[in-house]
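To start, the structure itself, in structure tokens.
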Amino acid sequence: MNKTVINQLLRIVGKGHVLWSPEDLAAYSYDGTFAEFRPGLVVLPGTTAEVSEVVKVAAAERIPIVTRGMGSGLAAGSVPAQSDSMVVCLTRLNRILELDLENAVVHAEAGVVTADLQAEVEKVGLFYPPDPSSIRHSTLGGNIACNAGGPRCLKYGVTGDYVLGLTVVLADGQVLKTGGKPIKDVTGYDLNGLFAGSEGTLGIITESLLRLIARPRFARTLLAEYDSLANASQTVNAILTAGIVPATLEIMDQTAIVCIEEAMHLGLPVDAEASLLIETDGADAETVQREIDAVALICRSNGARAVKAANDEAERASLWKARRSISPSLARKAPNKLGEDITVPRSAIPEVVMRLRAISEKYGLPIVIFGHAGDGNLHPNILFDKRDAKQWHKVEAMVSEIFAASLAVGGTLSGEHGIGVLKRPYLERALGPLSIAVQRGIKQSLDPGNLLNPGKMFEG
Ligand SMILES: Cc1cc2nc3c(=O)[nH]c(=O)nc-3n(C[C@H](O)[C@H](O)[C@H](O)COP(=O)(O)OP(=O)(O)OC[C@H]3O[C@@H](n4cnc5c(N)ncnc54)[C@H](O)[C@@H]3O)c2cc1C
Numbered sequence: 004m005n006k007t008v009i010n011q012l013l014r015i016v017g018k019g020h021v022l023w024s025p026e027d028l029a030a031y032s033y034d035g036t037f038a039e040f041r042p043g044l045v046v047l048p049g050t051t052a053e054v055s056e057v058v059k060v061a062a063a064e065r066i067p068i069v070t071r072g073m074g075s076g077l078a079a080g081s082v083p084a085q086s087d088s089m090v091v092c093l094t095r096l097n098r099i100l101e102l103d104l105e106n107a108v109v110h111a112e113a114g115v116v117t118a119d120l121q122a123e124v125e126k127v128g129l130f131y132p133p134d135p136s137s138i139r140h141s142t143l144g145g146n147i148a149c150n151a152g153g154p155r156c157l158k159y160g161v162t163g164d165y166v167l168g169l170t171v172v173l174a175d176g177q178v179l180k181t182g183g184k185p186i187k188d189v190t191g192y193d194l195n196g197l198f199a200g201s202e203g204t205l206g207i208i209t210e211s212l213l214r215l216i217a218r219p220r221f222a223r224t225l226l227a228e229y230d231s232l233a234n235a236s237q238t239v240n241a242i243l244t245a246g247i248v249p250a251t252l253e254i255m256d257q258t259a260i261v262c263i264e265e266a267m268h269l270g271l272p273v274d275a276e277a278s279l280l281i282e283t284d285g286a287d288a289e290t291v292q293r294e295i296d297a298v299a300l301i302c303r304s305n306g307a308r309a310v311k312a313a314n315d316e317a318e319r320a321s322l323w324k325a326r327r328s329i330s331p332s333l334a335r336k337a338p339n340k341l342g343e344d345i346t347v348p349r350s351a352i353p354e355v356v357m358r359l360r361a362i363s364e365k366y367g368l369p370i371v372i373f374g375h376a377g378d379g380n381l382h383p384n385i386l387f388d389k390r391d392a393k394q395w396h397k398v399e400a401m402v403s404e405i406f407a408a409s410l411a412v413g414g415t416l417s418g419e420h421g422i423g424v425l426k427r428p429y430l431e432r433a434l435g436p437l438s439i440a441v442q443r444g445i446k447q448s449l450d451p452g453n454l455l456n457p458g459k460m461f462e463g
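Once you know that position 344 of the sequence shown is 347 in my numbering, the rest is easy, because the numbers rise by one and skip nothing.
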């Protein structure tokens, strides 16, 4: 990167906040996938005003910008696509600017770690529901940019449902403010909705106003075991049509259960074909208990061979430990895993699981299935060894077939991880040419020079 640009940037963000040594650049070449590509430069601004000045320099020099939170993304969205890219990393924007108790709104910078925000608002009895499993190593900005979800989304919704307002630095460095504290606001187009899920391609989110709710004070959790995955999936619909909306309704298939048990020794039912982890929560202990009792009954009448309710906080923590250990447990089985996050209509879960098993058998590589069954959001994970070229070719073919299976049953490519680079080749198949043309038009109007995260989302 040229010296004049480096000096301009140093004047804006200060010494130590512009990085260009090979070691530093290597650290910003990855995200949560196995994709890797080195940027030309990394800048760590400390305020919205600094981000704006940095973008003006990049725009004048026509330097592509890759916005980065904590790099935990699972679509290679924050991995640069061009060697002359400037990574703008927002982790120094880590302040909670205002906690407005009366309106239950928090104003926070984009680099705040999501778990830190949750802990802070819970101190005053409030609750920020979005709970990606990466909550301790992802930022609010990254969550908004990917419209992140998590187990609690079934009852509480995704990140975008909590965004009331945003501060966004546009491609030319102008600072746009969207929305505000009012809960209802239909004044003009829904720009909050546009930036939620835009994956760094439309603007750099530097601050957000987030809606909070009262913290549910009670929770009850159970694990239901099934000999048939179809019965587990049928239970999901039976619970929801009975008018109960659990806080979480997670599914794990047998391979997932076996992987966790081998790694953690928690006493999980390794011979069960599937299990459901279900939690009810709320402000009233009796209602929460009544709901979990009703859920247990529905599980049994839909073929559960055993239903185990957590009797205390320690047992509840142990059940959740099992669910949260899936990803790390898979690492014991194979050197690499490729996790997708297809979402299908709930009624199509048995059909898509059957198709995923057929793909696994056809290519001779395991596919572990778990996910947020209540939302129809499944995480099929292919286990493989990337050093083996034959296996890698198989994985590429399997991914394409997994997406085809999801689309064939009326599903979609991604429920929460986004498109980035990895799902880019399949986007047109999912959306069709007209939708792609409309979306390219939006990109063109906000970023005519294609400087914001080029090479992501769209092919070509
Ligand atoms: C173990 C593990 C578990 C995970 N579990 C979940 C889960 O349960 N649910 C879920 O939804 N995701 C999950 N993820 C994926 C990932 O954590 C989320 O996508 C998260 O929202 C990314 O946040 P980040 O700060 O790490 O962003 P990054 O990875 O740095 O960036 C992700 C994308 O957002 C863009 N971006 C980042 N910050 C901004 C900003 N301020 N303004 C504009 N664009 C920006 C980047 O350009 C990139 O395209 C998981 C990842 C891992 C590794």
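Note that CB positions come from ideal geometry on N, CA and C, so glycine has one too.
Can the beta-carbon of A79 be found closer than 8 Å to that of D34? yes
Could you give the distance in angstroms between the alpha-carbon of E228 and the alpha-carbon of R308? 6 Å
Give the C-beta separation of E210 and A111 to the nearest angstrom, bearing in mind that I take them to be a contact with Cβ-Cβ under 8 Å. 7 Å
Taking Cβ positions, are T94 and T142 nearer each other than 8 Å? yes
Do L232 and D193 count as a contact pair if the criterion is CB distance below 8 Å? no
Return the chain-ordered ranges of every beta strand (DSSP E) run that is complete within the stretch 200–270 and spans a minimum of 3 residues. 207–214, 221–229 and 251–256
Rounded to whole angstroms, what's the CA-CA distance from R139 to P133? Just pull it up for me. 12 Å
Bridge partners for E101 per DSSP, in chain order? H110
Going residue by residue through the stretch 274–350, where are the continuous beta strand (DSSP E) segments of at least 3 residues, counting only ones entirely within it? 277–285, 307–312 and 339–342
Taking three-plus beta-carbon pairs below 8 Å as touching, is the stretch 392–404 in contact with the stretch 358–366? yes
Express the C-alpha separation of V291 and F221 in angstroms, rounding to a whole number. 7 Å
Report the rounded CA-to-CA distance for A151 versus L197, giving the unit in angstroms. 14 Å
Could you tell me the boundaries of the alpha helix (DSSP H) in which K393 lies? A392 to A411
Does the Cβ of I208 lie closer than 7 Å to at least one heavy atom of ligand 1? yes
What does DSSP give as the partner residues of R71 in its beta bridges? C92
Compare the beta carbon distance of P272 and I263 with 8 Å and say whether it is the shorter of the two. no
Say the cut is 7 Å; is the CB of G74 nearer than that to a heavy atom of ligand 1? yes
Jot down the residue ranges of each uninterrupted beta strand (DSSP E) in the stretch 351–377, minimum 3 residues, whole runs only, in chain order. 370–375
Simplified DSSP state of S136, which is helix, strand or coil: coil
With a 10 Å radius around its C-beta and 16 neighbouring C-beta atoms as the bar for buried, classify F387 as buried or exposed. buried
With 16 other CB atoms within 10 Å as the buried threshold, where does G377 fall? buried
Among L215, I208, V124 and A122, which one has its Cα closest to the Cα of D164? L215
Let me check you understand the geometry: is the CB of D34 closer than 7 Å to at least one non-hydrogen atom of ligand 1? yes
V239 to Q121 span [Cα, whole Å]: 28 Å
S26 bridges to which residues according to DSSP? For the sequence presented, residue 26 should be read as Glu rather than Ser. DSSP output for E26 lists no bridge partner at all.
Around the C-beta of S448, are 16 or more other C-beta atoms found within 10 angstroms, so that it is buried, or is it exposed? exposed
Meets three-Cβ-pair contact criterion under 8 Å: the stretch 55–72 and the stretch 449–458: yes
Rounded distance between the beta-carbons of L102 and V116, thought under 8 Å: Not a contact, Cβ separation roughly 16 Å.
Based on Cα-Cα distance, which residue from D344, I352, S409 and S350 lies nearest to H382? D344
Which class does V124 belong to by DSSP, given the choice of helix, strand or coil? helix
On the three-state DSSP scale, how would you describe P436? helix
Quick one: grab the DSSP three-state call for I385. strand
Mind checking I15: buried by the 16 CB within 10 Å criterion, or exposed? buried
Terminal residues of the beta strand (DSSP E) in which V172 lies: V166 to V172
With respect to 7 Å, is the separation between the Cβ of C149 and the closest non-hydrogen atom of ligand 1 below this value? yes
Measure the Cβ-Cβ separation of N384 and L437 and say whether it is below 8 Å. no
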